[in-house]
Amino acid sequence: MVKKVIIAVFAIVLIGTSSCTDLDEQVFSSVSADQFYNNETEILMAMGRAYTHLRNQTAHIWGLIGVNTIASDEGIIPYREQNLWWDQGYWIDLHRHNFYSGLWPIIDSWDYCFEGATLCNKLILQISESPVEFSGKENMIGELKILRAWFFYNAIDLWGDVPMVTDFTDLSLPGKTSRTEVFNFIVQEINDNISGLDDYSTSENYGRLNKAAAYTLLAKLYLNSEEWTGTARWEEAKQACDAVISMNHYILEPDYFSNFSPTNENSGENIWVVPFDNVVTTGWGNSFMMMNFSLHSLSTATFGFSGFTWDGLAATEAHYNLYDENDSRINSWLEGPQYSMSGEPLWITAGRQLTYRPYIHNLYEPTDPALLDDGVRVQKWMYEAGNLSWPRGMSNDWSIFRYADILLMKAEALMRANGGMATQVAVELVNMVRERAFGNSDSNYSMDSLSLEELLKERSRELAFEGHRRNDQIRFGTWSNTWKFKDAGDSHLKLYPIPFTALNANPNLSQNPGYN
Amino acid sequence: MKRLIKKMGFLVLVILYAFGSYAQQAVEGTIMDENNDPLPGASVIVKGTTNGMTTDFDGKFKLTVSENEILVISFIGYKTKEVEYTGQRNLSINLEQDVVGLEEVVAIGYGTTTKKEVTGSVATMDSEEFNKGDKTDAMGLLQGKVAGLTIVNARGGDPNQDAEFLLRGRSTMSGGVSPLIIVDGVPGVSLKSVSPSSIKSIDVLKDGSAAAIYGTRGTNGVIIITTKAPKKGEAVVELNSYVSTQTVTKKLENLSASEFRDLLKIKYPGNEASYDYGASTDWFDEITRTPFNHNTELSLTGGSNTLSYRAFINYHENKGLVIKNSLDRLNASIMINQKGFDNRLKVNYKLAYTTLESEISDTYALQQAFRYNPTEPVYDDSNPMTGGYSLNTTPFQYFNPVAMINERENISKKEFITGSLDTSFEIFKGFSVGAQGSILKTKTDDAEYRTKFYPNEYGLNGTAEKSTSNWQQKLLELRTEYTKKIGKHSLQAFAGYSFQEQEEEGFYAINRGFDFDFMKYHNLGAGSDLLNGSADMGSEKSSSRLISFYGRAMYNYESKYLVSASIRREGSSRFGKDQKWGTFPAVSVGWVATSEPFMSNIPWFNYLKLRAGYGLTGNQNIPNYMSLQLLSSGEKLLYNGQWINTYAPSSNENPDLKWEEKEEINLGFDYALFDSKVSGTLDLYTRNTYDLLWWYNVPVPPNLYPQTYDNVGQINNKGIEFTLNYNAIKTSDFSWTSTINYSLNRNKLKSFSDEDKGYELSHIDEGFVNVDIKAYTIRIEEGKPLGNFYAPVFLGLEEREDGTYPIYKEVDGNEGFNADTDREYVGNAYPKFRLGWNNYIKYKNFDFSVFLRGVFGHDILNWHRMYYENFMYFGSKNILRSSLDDINYKGLGEYSSRYVEDASYVKLDNITLGYTFKPNKVFKSLRVYFTGQQLFTITNYKGVDPEITLGGLAPGVDNYSYYPRVRTYILGFNMTF
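First to last, the protein sequences are chains S and E.
All residue numbers in the first sequence are consecutive under the working numbering, ending with 543.
All residue numbers in the second sequence are consecutive under the working numbering, ending with 965.
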């Protein structure tokens, strides 16, 4: 009996020790990288991540909307009574151009640009190295290179000289590359790879880059070339716009607002979009939640959707005053006493009806703050009735590039090439946009009335809150001007400071001039 | 009747006397100590009989004894002595002092030793020394009692909170800090599955030399819990029960409705109506209650020489102070010890089952109750959308707390199963082999339903969530053991192999849009979100392995020179491809100086043992798969009109990921002085953790994500631990024991960068305050301790025309105050030292104990003052009453040293008064007691409670998530039959 026990114990010992010294990790709920990239679909699913990254730009108010709109003379988030939107003064500092390296929207924008570019680097490497061969593989790599160019375009727009890494295997810490060098690189990248793209967006490639989008990006680069590199390239800008126009595919939609509606995938005007969906794209950094940023929560009753909105983002009074009353685009803004869908007045408290007014009492004066309903609110992206409760967002797709912008850019290129004076073609182009807004030609510009100053105003009315304003103001030289709540600023403010997070992580980066 | 009993009793005595008187003699005697001083109150009993008495004031006794019978003399604090009676008329017996508890068994992991022979730093607590009272988990028993082990109950009276641990300071950046818990030899048992009253003793392996036998899990210490074991003999039934109730000690003090109205007149003259809704509501009262709780447990032990058992069942009901917050626990276990083959084969079986049902509290509702305007009514019958609750949508993050609690149900059910089988067989004397197999299973079922009237979710028509998870651990351990004693040499050695596999699976589903609220989460499929595509569902699975070979040898010479050495070679699946295995050695030595002849000249020095130990341990308490490059399904992409999945790397990969290693040196001594009236231990330690795991910021580009999980950096903790037991008085009727423990720890982040790896990080900022203030509050900097508050320095108030404003120190050299750069270190969240002081007094049948716990020299960031001790939110929201102290204050909610407060405190943790009845026919023993817990706190801290979380890298931040503090009163009894 004793022997049996001994044998049994030793048997257990042997079984135990011989079978198990294996420590490889078993993965169940993810895929390890070496088991992926097996076929075209999988590569496409990997590439998709670079596109979904685009949603960050509109989904995060902290990011690009902050640095491109709230810092401009278009948008504002004042400190309101009851301490709404204090947020340690981020929105106030942005609007006043009190920029510093810890300003959250600047950090968020940096991450958007460089995480996006690096993601493209990695995907380019992995797809190139993948043994899977299929017909469109080279085009796919080219597409990623142009997508990467978009991220670098934003980076040089915001910070000037930036770290530029294009090889994922290069692990050295990058220094800054000059704005001109990055500019030349991305122009080259677009030109080298544009031929592999589809001509324009179709229901198949909706949301992906196409030739028209790449030309628009080129046009934007050339238009800013003088400001960024010191070399004017008006002719190239015009040619890039013409490349889009000559496709004879894009049109100005008769109804301006159809470009921003929840079903704007049918727009013939939107060149490149970031698709959003009320059900599919939800949560921070992934959904489009303009209603939350802008509306007082009582306004949910006006549009008939559920959710609590945050009463923040408004248009500046000066911006609202740019519109003629016959300009249909004035309806981009929610103004006046507010009612529910069924016509009941909306009461903030007894006797005080929610009334959005263009006037904004103060930007930041805790003892005498802006009122809850100061400032007209965004309704350009039409609010859909239904369930918009957190974490849901809107179904309106975000248009990165729009045909109207092409027309206005071409007009600008022509005028600038003409010493800042109107040309006949330029007037016609601007009037196409203007006639659509007024429904008639009564308010058209003439050779006399169209100046660069007027063109900037027209761009602001047409493209309000679409993320172009900062870039336009710098190019037209109004960025450093005084406006209400903002003093005249130094020219170093045309570039944002590099976030402290990036400086801390990479000692080879230096802060931009003027910031310490 | 009484008389009859008396008579009968007398008769019995007479008969007994008559039978017993044969060959008996009356003996007188004196019991004395070593110095021939009489010992009053010593017990003298004839062995195997009930014949005995206690000595009188002069140490004298008188008994009738037969020849060759044995007298057993015992007295607390002295070694029990047996004397064979050889016919003397007068006896004079000297008792030898017992050096306190030297023979006490100490669990050291894979075996035991004695207090006399232990060489590592190990604290042992027996059930008598545990904290008494209403404890929801086993760690409540130890709080404040073990020097160096910090246990924090950060959520006051919430019955569902988990106690937080910290042993000898924080020695990791991102790894877990929970010690390894071993219950009856099985590692990894959840504390929630152990009924506190079933525990016999708890041993805490503190230093590296003691814990290194557990290798990669030893860094945070090892807590070895031994539950009450089967006892052979006749069946003994033990019944324990108590009832308890709670009252509020402290809550956040906001303005009452009338104070609120008075302030409106000052702050909004003429516009009061905008903020005065006409009602007077005490929101705190609306969501709290006076809970009544009870606990009952029953155990049965007994058995023969070869098979003994213990069966145990416990029901515990614990309601929280807040409505819909409770814990119900039912715990049953059976242990069987079996012996065979002349006691050479030993088999222990254990099966334990625990089920918990919790109602999870919503601390956000408590926060709302604080900020909600007291002039708003609770109900508004005219509003059908809200289900009759009042609604105000204007203020940001503002929800009716009564509706939040009433319209939500959140239930968490857990089941724990522990099964273990431990066998050993002695092949020849001193040499045995053994195997232990165990399986642990934890099943969790969480369910939540928020009705269509739940604030913030109007229009969703009800949200139902269900999630389940199954965790299991399989463990096989094989061991051989050898013990040998030759003359004055003793050797104890063992070697073993261990294979552990853990597996976890989870599933969840969320649906919304229900026709009515009746079915709650019991019919998930009925919600409309499933049809429209926005219902949510997910599942996951992960597994890990831990494999080790280990051994230990302990040798001593005459129990005077002691040495112990151990080694563990261990591999964990969690680390990088080439870094799976590590080796963790330890060695410790001891010298009992008082056993040397030269020490015997110092009569008051009864015992002194010097100890020294070194040990290397690891920390594998990180998530699975951290070293791998995994692609997770990410956000959806619109492709060809369809939304398809995308896959992307979820993190930067790191194939070199490896253990954090901690090296510790411990020096200490155990002492007993003055006839062992004074005894205790002293330990000094220094512990260095290398290769700290942290999400290091890396630049993007070239990296894909801005953080990589990697081994960089080094932390040092050093400290002192001291305990002192003082047996002040010891007589038969009256005794008083006083115990003090003291511990001090200093922490330093020695390095935080690694040039070779390209990390030149000098500091990181933590403790981000999100809403409105948006500031990092804590800075972790190379060369400084963790937990430092880095803040603008508040200099005082400045009177201006329109009111008072705060002024801050300018330190950055630039003109003007900048909240980001004009900062200094203004405090630290970790205590400088801790004290525990227990007193136990016994007078006749009464026992009385009082326990005070003090924590000193730490600071807390008081969020509520930072946000609400000003008028920033006033009007739409309530604020702290203390704002009224400076009615003209114009400052806003801002982070500064003003709100970093000294949080030293002393708590009266426990007072217990008990009375033990004399045994009678009904029961063998009966004790009734009353306990008061957390009766008061002495502190300057202005918040609710200075005992708050010390976990994570932002310790000491007293944020919105609070639970009121309570006093608990308990009335109970312990009875055996």
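Backbone N, C-alpha and C fix where the C-beta goes; we use that ideal spot for every residue, glycine too.
Contact list for residue i against chain C, beta-carbon separation under 8 Å
i: Ser864(E); result: Structure shown: chain C not included; protein chains present are S and E.
DSSP state of residue i mapped onto helix, strand, coil
i: Ser837(E); result: strand
i: Gly559(E); result: strand
i: Arg123(S); result: coil
i: Gln617(E); result: coil
i: Val403(S); result: coil
i: Asn458(S); result: helix
i: Lys454(E); result: strand
i: His510(E); result: helix
i: Trp408(S); result: coil
i: Trp131(S); result: helix
Neighbour-count burial assignment, residue i, 16 or more Cβ in a 10 Å radius
i: Asp188(S); result: buried
i: Gln424(E); result: buried
i: Phe416(E); result: exposed
i: His495(S); result: buried
i: Tyr545(E); result: exposed
i: Glu222(E); result: exposed
i: Pro175(E); result: buried
i: Asn802(E); result: exposed
Paired residues, beta bridge with residue i - DSSP
i: Phe968(E); result: Since the first residue shown for chain E is -11 and the last is 965, residue 968(E) is missing from the structure and cannot be characterised.
i: Phe153(E); result: Ile139(E)
i: Pro364(S); result: Thr382(S)
i: Gly784(E); result: Ile795(E)
i: Met542(E); result: Gln480(E) and Ser552(E)
i: Ala126(E); result: Answer is none; Ala126(E) lacks a bridge partner.
i: Arg967(E); result: For residue 967(E) there is no data in the structure shown, the boundaries of chain E being -11 and 965.
i: Tyr386(E); result: Note: Tyr386(E) sits in no beta bridge, so no partner.
i: Asn733(E); result: Gly707(E)
i: Ile324(E); result: Tyr297(E) and Tyr337(E)
Run of the alpha helix (DSSP H) containing residue i, from where it starts to where it stops
i: Met963(E); result: Element bounds for Met963(E): not the alpha helix (DSSP H) but the beta strand (DSSP E), Arg953 to Thr964.
i: His304(E); result: From DSSP, His304(E) is part of no alpha helix (DSSP H) but of the beta strand (DSSP E) over Leu295 to Lys307.
Close-in-space but distant-in-sequence residues of the same chain around residue i (CB under 6 Å, 5 per side omitted)
i: Ile708(E); result: Leu672 and Leu732
i: Lys431(E); result: Glu403 and Asn458
i: Glu436(E); result: Asn398 and Glu453
i: Ala111(E); result: Val134 and Val192
i: Arg822(E); result: Ser731 and Val843
i: Phe839(E); result: Asn826, Asp897 and Asn898
Same chain, Cβ closer than 7 Å to residue i, neighbours up to 5 away in sequence not counted
i: Thr582(E); result: Phe593, Asn594, Tyr595 and Leu596
i: Glu263(S); result: Tyr249
i: Asn242(E); result: Phe358, Asn866, Ile867, Leu868 and Arg869
i: Ile134(S); result: Pro526 and Thr528
Limits of the beta strand (DSSP E) - the one that residue i falls within
i: Ala217(E); result: That residue, Ala217(E), is in no beta strand (DSSP E); it is neither H nor E in DSSP.
i: Ile104(S); result: Segment: none, Ile104(S) is in no beta strand (DSSP E) and carries neither H nor E.
i: Tyr602(E); result: Phe593 to Asn607
i: Phe404(E); result: Arg396 to Phe416
Cβ shell of residue i (< 8 Å), same chain only, five flanking positions each side left out
i: Lys255(E); result: Phe859, Phe862 and Gly863
i: Lys646(E); result: Phe563, Gly564, Gln567, Gly570, Asp679 and Asn699
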